[in-house]
Every structure is written in structure tokens, then in C-alpha cells.
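Engineer: My questions will all concern the structure given below.
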Amino acid sequence: MTKALALTSGGLDSILAAKLVANQGIEVTGICFASAFFGSRNAEKMAEQIGMPLIIIDFTKEHLKMTKDPKHGYGKNMNPCIDCHAMMLNYAGKYMEEHGYDFLITGEVLNQRPMSQNIQSLNIVKKESGYEDKILRPLSALKLPPTQMELDGIVDRTKLLGFSGKTRKPQIQLAEEMGIVEYPSPAGGCFLTEPNFGRRLKDLYEHGKEEADVNDVKLLDIGRHFRLTENAKAVSTRNKDEYDKLKDYITEDMWVFDTAEHKGSTVLLKTSSGYEPTEDEIYLTASITARYSKGKDEEEVSVKYKRLDEVKYEFVNVKPAEDEDIKEYML
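Residue numbers (the numbering used here): 41 to 371.
In C-alpha cells, the structure reads:
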């Protein structure tokens, strides 16, 4: 029996593409990739809806390295979609070869996205994946040259589609026909496409790209971020849930700030490798800590701080920062 491996992002298009091929009597298995920027939860939910087995591959370290210097650059935010798609197809192609699958399926739609899904980009992705003769794009197949699978009669081209452009109406109609009722928004699921996250990631890479690790990236999605100086950044929690998340990413090279006598935000001071914060950087971080505490309206607030691996706190009295004063630092 013919077997295909369907790249499954968790969005609607990829699951429609998989189902379209499965309806031809081909055994289809989903393959999903997880990294610091996206997970597998949506893909698991979507695969379950159509009863499709799903393989999950974590390529966090390799993917993070790629995002630092993508060959084809970034999209509107910090999303290197062309390089990302080619990388996923390369990994999927290797899995295909190792486990006896016949070809790959993607949910890409011609001209849906201006940078990554125009005809030139689709061809680049196909070529750089290393598996260009094994990639089928069922949703736009009739707008593209026939693949080897179609020419060989493995896949019936007449049962494929010719979707093109940004409109989602054909996909939504097809989903109704297939009984797929739950699916996420088109742009959901990848932090790299989000403007706020992208701004923070750009700042991270501009201030130590080579040293940036998975821990640094995970931290970007928590709390308020402030670029204080070239070598120092502060992260302030907004609630207990964020603090509980933050605890997992505090490392020994970070300073932890809390108000000594008032309830409020915990603030991290993170510096460049081997860099000791100046008095001004400590004072500014402490004033941000005071601003996001119950003592924000006091003339002076006592703030305690220490490195994670230290036992004793240092104390500093500060005037809580004004919103206008710290606005310029906020990411």
C-alpha cells in the first residue's frame, strides 16, 4: 500500500491536504515539528479529528540555530518561513526514507503568503529540501506542474485542487464537507510571526546572538521586557502565573529583584556573559520593580536583590519609576 507522510502544522490547510490524499486510499501519517517557537498541541488536536496517526519530532536546537542566520531572511517579523519550510521538509524527507514512506504532503497554498508561498519561494523550498521529486501540494496541485507521483499514477491529479491566493473561503467550505469543525486561526501557533515576540527576539539577537539559547527564547514570552543598556535587560512579571513560569528560566547569571515591604512584581536583571551590572543599571531595575508593586505611589521603596546562587540579599532604596521614564526601555 502506498504510504505518505503529511507535514502537519496544526493549521487547517495541512490537515485538509492530508485528508484529500487519504481519501484516495493512500495511508497517510502526519509528521509535526516542535521547537522553542512552536509546539505540537494544535497538530495533535487536528490529527485526532481525522483519525490520522501523528509523529512528533523535536528539532529545537537545530531550528534555533537556523533562525539566527536564515539564508533567505525574515518575513514581516522574525519569521524565516522559507528556510523553516525547507528545513522541515528535509527532516521529513529523511524520516520518509528511513521508515518506508513513498512521498511527502504539505498544506502550502500558492500565493497565500507573499514571501513564503509565491511560486519562486515554493520552488526554492522544494529544491533546498533535497526531496523535490517527493513533495505533493494537494491544495494547489492544479496550479502547479504535475509531480512525479501524479505522473506515475500513484496520486490521481483529477482529485486534487487548485486553490490560490489569500482567501480562506475554499478551505472553510472544504473543511465543512470533510466534517472538520475545529481549527485555529490561520496565523496562530508560531511565535516568530507575532510582532511583539519578534521585536523581543530581534533585540535578543542584536545583543548576543551567538550566546542566545533556548532558555533565552522561552523567556521572551513572559512578562514585560526592558532593554536598559547594551549589556543589561530587565524582565518584570505581571501575575503569579507568569512568576511560576519565570522560575523555570532563572539561571545563575541573573539577578532577582523584589520589593522588601510591598507585594508586587518579581523582576529579573539579565546581563551579557561575564558582565557585572553597574550601580545605575541596578538602580533602574530596582525602580522598575518598585513601579510594579503596591508601593508604586510611595516617595521611596526598599528593594532587595541578589543573584540566584547567592544567599544574602542586597538592599537599595529607590523612587518608583514613572511610566514615561521607562517607556523608552520597553520592548
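By construction, the Cβ of each residue, glycine as well, lies at the ideal position given by its N, Cα and C atoms. Quantities reported herein were computed from a predicted structural model and do not represent experimental measurements.
Alpha carbon to alpha carbon, how far is residue 306 from residue 325?
Structural biologist: Translated into the one-based positions of the sequence shown, residue 306 becomes position 266. Translated into the one-based positions of the sequence shown, residue 325 becomes position 285. Using only the alpha carbons, I get a separation of about 11 Å.
Engineer: Bridge partners of residue 304, per DSSP?
Structural biologist: Here residue 304 refers to the residue found at position 264 when the sequence shown is read from its first residue. DSSP lists 333 as partners of residue 304.
Engineer: Are the CB atoms of residue 313 and residue 293 within a distance shorter than 9 Å?
Structural biologist: Here the question's residue 293 lines up with position 253 in the sequence shown. Here the question's residue 313 lines up with position 273 in the sequence shown. Their beta carbons are under 9 Å apart, which means residue 293 touches residue 313 by this criterion.
Engineer: To which residues of the same chain is residue 57 closer than 6 Å at the C-beta, ignoring the five residues directly before and after it?
Structural biologist: Reading the sequence shown from its first residue, position 17 is the one you call residue 57. The answer, listed in chain order, is 145, 147, 178, 179.
Engineer: Quick one, are the C-beta atoms of residue 43 and residue 90 less than 9 Å apart?
Structural biologist: Numbered from 1 along the sequence shown, position 3 holds the residue referred to as residue 43. Numbered from 1 along the sequence shown, position 50 holds the residue referred to as residue 90. Their beta carbons are not under 9 Å apart, which means residue 43 does not touch residue 90 by this criterion.
Engineer: Leaving out the 5 sequence neighbours to the left and right, which residues in its chain are closer than 6 Å to residue 259 when beta-carbon positions are compared?
Structural biologist: The residue given as residue 259 occupies position 219 in the sequence shown. Contacts found: 289.
Engineer: Give me, in chain order, the residues of the same chain whose beta-carbon lies closer than 7 Å to that of residue 151; leave out the 5 immediate sequence neighbours on both sides.
Structural biologist: Position 111 of the sequence shown, counted from the start, is the residue given in the question as residue 151. Counting only Cβ-Cβ distances below 7 Å, and skipping sequence neighbours, we find 157, 158, 204, 205.
Engineer: Exposed or buried, which one is residue 82 when buried takes at least 16 other CB atoms within 10 Å?
Structural biologist: The residue given as residue 82 occupies position 42 in the sequence shown. Buried, since its Cβ has 16 or more Cβ neighbours within 10 Å.
Engineer: Determine, using beta-carbon pairs with one atom in the region 325–334 and one in the region 349–362, whether at least three such pairs fall under 8 Å.
Structural biologist: Judged by Cβ distances under 8 Å, the region 325–334 makes contact with the region 349–362, as three or more pairs qualify.
Engineer: Cα separation between residue 240 and residue 111?
Structural biologist: Taking the first residue of the sequence shown as 1, we reach residue 240 at position 200. Taking the first residue of the sequence shown as 1, we reach residue 111 at position 71. About 21 Å.
Engineer: Determine, using beta carbons only, whether residue 190 comes closer than 9 Å to chain D.
Structural biologist: Absence of chain D from the displayed structure is noted, only one protein chain being present.
Engineer: Identify the continuous alpha helix (DSSP H) that holds residue 345 and give its terminal residues.
Structural biologist: For this step, residue 345 is matched to residue 305 along the sequence shown. No alpha helix (DSSP H) holds residue 345; the beta strand (DSSP E) holding it covers 341–347.
Engineer: In terms of residues, what are the limits of the beta strand (DSSP E) holding residue 230?
Structural biologist: Translated into positions along the sequence shown, residue 230 becomes position 190. Counting along the chain, residue 230 falls outside any beta strand (DSSP E), and DSSP gives it neither H nor E.
Engineer: Tell me the residue span of the alpha helix (DSSP H) that contains residue 169.
Structural biologist: Here the question's residue 169 lines up with position 129 in the sequence shown. Element bounds for residue 169: 159–169.
Engineer: Within this structure, are the beta carbons of residue 183 and residue 170 separated by less than 9 Å?
Structural biologist: Within the sequence shown, numbered from 1, the residue matching residue 183 stands at position 143. Within the sequence shown, numbered from 1, the residue matching residue 170 stands at position 130. No, the pair does not count as a contact, with Cβ atoms beyond the cut-off.
Engineer: Taking 9 Å as the threshold (C-beta atoms), are residue 232 and residue 175 in contact?
Structural biologist: Position 135 of the sequence shown, counted from the first residue, corresponds to residue 175. Position 192 of the sequence shown, counted from the first residue, corresponds to residue 232. No. Outside cutoff.
Engineer: Are the CB atoms of residue 269 and residue 321 nearer to each other than 9 Å?
Structural biologist: Along the sequence shown, one-based indexing puts residue 269 at 229. Along the sequence shown, one-based indexing puts residue 321 at 281. In contact: residue 269 and residue 321 (Cβ atoms closer than 9 Å).
Engineer: Would you list the residues sitting across from residue 204 in a DSSP beta bridge?
Structural biologist: Here the question's residue 204 lines up with position 164 in the sequence shown. Paired residue(s): 150.
Engineer: DSSP has residue 354 in a bridge; who is on the other side?
Structural biologist: Position 314 of the sequence shown holds residue 354. Partner(s): 345.
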